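J.: Here it is, the structure, as structure tokens.
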Amino acid sequence: MERVVYREPGFLLEIEPQPGYLRASVSEGQDSPAVSLAYWTLLGDECRRSGARKMLVIEDLEPCEVTDAEFEALFEEMVGMGFRNVTVAFVPLRASLQTNERGSLLGVEFGLDLMVFSDESYAVRWLRFSH
Numbered sequence: 002m003e004r005v006v007y008r009e010p011g012f013l014l015e016i017e018p019q020p021g022y023l024r025a026s027v028s029e030g031q032d033s034p035a036v037s038l039a040y041w042t043l044l045g046d047e048c049r050r051s052g053a054r055k056m057l058v059i060e061d062l063e064p065c066e067v068t069d070a071e072f073e074a075l076f077e078e079m080v081g082m083g084f085r086n087v088t089v090a091f092v093p094l095r096a097s098l099q100t101n102e103r104g105s106l107l108g109v110e111f112g113l114d115l116m117v118f119s120d121e122s123y124a125v126r127w128l129r130f131s132h
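For the sequence shown, our numbering assigns the number 2 to the initial residue and increments by one for each residue that follows.
In structure tokens, the structure reads:
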């Protein structure tokens with residue numbers, strides 16, 4: 002797989018293979034439930050296409066407030082996209098770590114293997130040595 006770039010309304014998504022996982026970078030936009038759903042949909046498509054079982058997602062979007070109900074709606078969609086079979090390390094560069102940690106706990110309740118990190122190097126280490 003080669004590097005893939007999606008320029009979509011509200012964000013830029015770049016995906017590139019790394020040894021053992023896919024690295025995705027989301028930038029150039031304002032986060033929202035719709036933007037999150039759009040980029041996770043593209044990520045799910047790429048995981049299915051490539052067969053990837055591990056993914057690092059670096060989010061560099063202008064943050065927004067997200068309710069538990071909005072997180073739950075996103076996670077329901079992610080389950081339908083096959084993300085129960087993908088280990089995800091998520092690094093929010095601008096959004097509140099506390100908000101994203103709350104979200105990751107809700108994600109675990111949906112059966113997702115999702116962990117939030119403040120640093121890409123820790124996230125990569127976790128991906129390499131998990132499962």
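For each residue, glycine too, the CB sits at the ideal point set by N, CA and C. Quantities reported herein were computed from a predicted structural model and do not represent experimental measurements.
Keeping to the same chain, check which residues put their C-beta closer than 7 angstroms to that of Y40; ignore five residues upstream and five downstream.
T.: Counting only Cβ-Cβ distances below 7 angstroms, and skipping sequence neighbours, we find F12, L14 and V27.
J.: Suppose contacts are defined by Cβ-Cβ distances below 8 angstroms. Is P93 in contact with V125 by that definition?
T.: No, these two residues do not count as a Cβ contact at 8 angstroms.
J.: Beta-carbon within less than 8 angstroms of G30's beta-carbon, same chain only, minus the 5 sequence neighbours each way: which residues are those?
T.: Closer than 8 angstroms at the Cβ level, and outside the excluded window around G30, lie G11, F12, L13, V36, L62 and E63.
J.: Closest to T100 by CA distance: which of S119, D114 and P18 is it?
T.: Considering only alpha carbons, the answer is S119.
J.: Sorted by chain position, which residues of the same chain lie with C-beta nearer than 7 angstroms to G108's C-beta, five sequence neighbours on each side aside?
T.: Closer than 7 angstroms at the Cβ level, and outside the excluded window around G108, lie F76 and L115.
J.: I need the DSSP call for T42, collapsed to helix, strand or coil.
T.: Here T42 sits in helix by DSSP.
J.: Quick check: the Cα distance between E66 and E78, rounded to an integer number of angstroms?
T.: Cα to Cα, the separation comes out at about 19 angstroms.
J.: Got a sec, what are the start and stop residues for the alpha helix (DSSP H) M79 sits in?
T.: That run of the alpha helix (DSSP H) goes D69 to G81.
J.: What span of residues does the alpha helix (DSSP H) with R126 cover, start to end?
T.: Start and end: E121 to F130.
J.: May I have the straight-line CA-CA distance separating L106 from Y22, to the nearest angstrom?
T.: Roughly 22 angstroms separates the two Cα atoms.
J.: When we look at the beta-carbon of A90 and count the other beta-carbons within 10 Å, is it buried (16 or more) or exposed?
T.: That one is buried.
J.: Using the beta-carbon count (16 or more within 10 Å), is V6 buried or exposed?
T.: By the neighbour-count rule (16 or more Cβ atoms within 10 Å), V6 is not buried but exposed.
J.: When DSSP labels each residue in this structure, what does R85 get in the three-state scheme?
T.: In the structure shown, R85 sits in a helix (DSSP, three-state: H, G or I).
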